[in-house]
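Residue numbers (the numbering used here): 38 to 285.
By construction, the Cβ of each residue, glycine as well, lies at the ideal position given by its N, Cα and C atoms.
See below for the structure under consideration.
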Amino acid sequence: MSQPSHLQLLVQDLLKPQAYPEHPPQVALLETHISYLFLTGTHVYKVKKPVNLGFLDFTTLRKRHHYCQQEVLLNRRLSPDIYLGVVKITLGPEGCTLGEKGKAVEYAVRMLQLPQEKALSRLLDTDQVTPSMMEQLARRIAHFHSQAETSPRITRVGGWPTVRHNVLENFLQTERYVDTAIPRSAYLDLKGYSQAFLEVCRILFKRREQEQKIRDTHGDLHTAQIWFVNGIEITDCIEFNQRFRYGD
Numbered sequence: 038m039s040q041p042s043h044l045q046l047l048v049q050d051l052l053k054p055q056a057y058p059e060h061p062p063q064v065a066l067l068e069t070h071i072s073y074l075f076l077t078g079t080h081v082y083k084v085k086k087p088v089n090l091g092f093l094d095f096t097t098l099r100k101r102h103h104y105c106q107q108e109v110l111l112n113r114r115l116s117p118d119i120y121l122g123v124v125k126i127t128l129g130p131e132g133c134t135l136g137e138k139g140k141a142v143e144y145a146v147r148m149l150q151l152p153q154e155k156a157l158s159r160l161l162d163t164d165q166v167t168p169s170m171m172e173q174l175a176r177r178i179a180h181f182h183s184q185a186e187t188s189p190r191i192t193r194v195g196g197w198p199t200v201r202h203n204v205l206e207n208f209l210q211t212e213r214y215v216d217t218a219i220p221r222s223a224y225l226d227l228k229g230y231s232q233a234f235l236e237v238c239r240i241l242f243k244r245r246e247q248e249q250k251i252r253d254t255h256g257d258l259h260t261a262q263i264w265f266v267n268g269i270e271i272t273d274c275i276e277f278n279q280r281f282r283y284g285d
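Set out below in structure tokens:
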């Protein structure tokens, strides 16, 4: 997918240290399928791409601003000191800059930059994870889930029909990659097993709904989002799709 010219210019401008209020010695860029992350050494500025991938829609500035605000609000549940706020990106004579007065041409989530070597994914790679660390993490996540919001609407949005929809949608969206990224036999085995599991456990899923176990959770918790810094920091929950975040 080719980038719009204005987005190319924005990326070029935000790679310049003078674009930032802290005037870092250099700026590094990380790119995902939905965001640009500009790393200054002390902070990270996350800019959402103007994309529509079906399960998310960032195609307007208003939507990107809204989801930047949601990202800060939701991630402060687990890491209140990491997510510092949403900053404007404005266009002036020297190009795009952050935090200046004027009309916003884009928005960024401002975060403290965490040391990559403290991510659980890196710690696992270097065999630095202990059983006590994993017990600490399990207690932290269990406490978060016990306190997470629940309601009839959250149960309705995140219950068994949504679980089923999410699972089957995965297979629908990955079918084009059969015999390219995955053999057809493996794809069909996984799809068949998943469909059978959903049906066999349907009563269990329904009972869990009645017990108010459907909560507003993280939605994308994996080892690259977990940091053993200042105890434990957990980042980057899903802000753009409630049916991915509401779950058991």
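Cβ neighbours of residue i in the same chain (closer than 6 Å, five flanking residues each side left out)
i    : result
Y104 : E276 and F277
E137 : T127
K228 : F208
W264 : L151, K155, A156 and E270
Of the listed residues the options, nearest to residue i (C-alpha basis)
i    : options                  : result
R193 : F242, V109 and P87       : F242
C274 : G132, F181 and L66       : F181
V146 : L161, L74, G91 and V266  : L74
R305 : R280, G78, V84 and G91   : Lying outside 38 to 285, the shown extent of the chain, residue 305 is not represented and no answer is given.
G78  : L52, D257 and R101       : L52
V88  : I71, R99, L76 and H102   : I71
A179 : E246, H255 and Y82       : H255
Q49  : P58, P62, E59 and L66    : L66
R282 : T187, L151 and T167      : T187
A175 : L258, T69 and D118       : L258
L47  : H60, T217, D216 and K83  : K83
D162 : T260, T272 and Y230      : T260
L149 : R159, N112, D94 and V166 : N112
Exposed unless 16 or more other CB atoms sit within 10 angstroms - verdict on residue i
i    : result
T134 : buried
G268 : exposed
I240 : exposed
K140 : exposed
Q45  : exposed
R213 : exposed
S116 : buried
G122 : exposed
A223 : exposed
Y144 : buried
D253 : buried
H80  : buried
T217 : exposed
G91  : exposed
Secondary structure of residue i, DSSP reduced to three states
i    : result
E154 : helix
N89  : strand
D253 : strand
K100 : helix
L258 : coil
L135 : strand
T127 : strand
S231 : helix
S169 : helix
I119 : coil
L76  : strand
L52  : coil
A218 : coil
E270 : strand
I263 : strand
V237 : helix
A185 : coil
E246 : helix
L46  : helix
D164 : coil
Q40  : Unreliable placement is indicated for Q40, whose pLDDT of 48 sits below 50; the coordinate value is still reported in the next sentence. Coil, per DSSP.
Neighbourhood of residue i by C-beta, 8 Å cutoff - its chain only, sequence neighbours within 5 removed
i    : result
Q55  : E131 and T134
V200 : L235, F242, G284 and D285
Close Cβ partners of residue i (< 7 Å) along its chain, the five nearest in sequence each way excluded
i    : result
M38  : Residue confidence is low: M38 scores 35 on pLDDT, short of 50, so the model does not pin down where it sits. Its coordinate-derived value is still stated next. Excluding positions up to five away in sequence, the list is empty.
Q40  : A caution first: Q40 carries a pLDDT of 48, below 50, which makes its placement in the model unreliable, though a value can still be read off. Same-chain partners within the cutoff: there are none.
V109 : Y120, G122, V123 and V146
Identity of the residues DSSP links to residue i by a beta bridge
i    : result
Y144 : K125
Y283 : D253
V84  : Y73
L67  : L74
heavy atom of the ligand FAD below 8 Å from residue i C-beta
i    : result
Q173 : This structure simply doesn't include the ligand FAD, nor any ligand for that matter.
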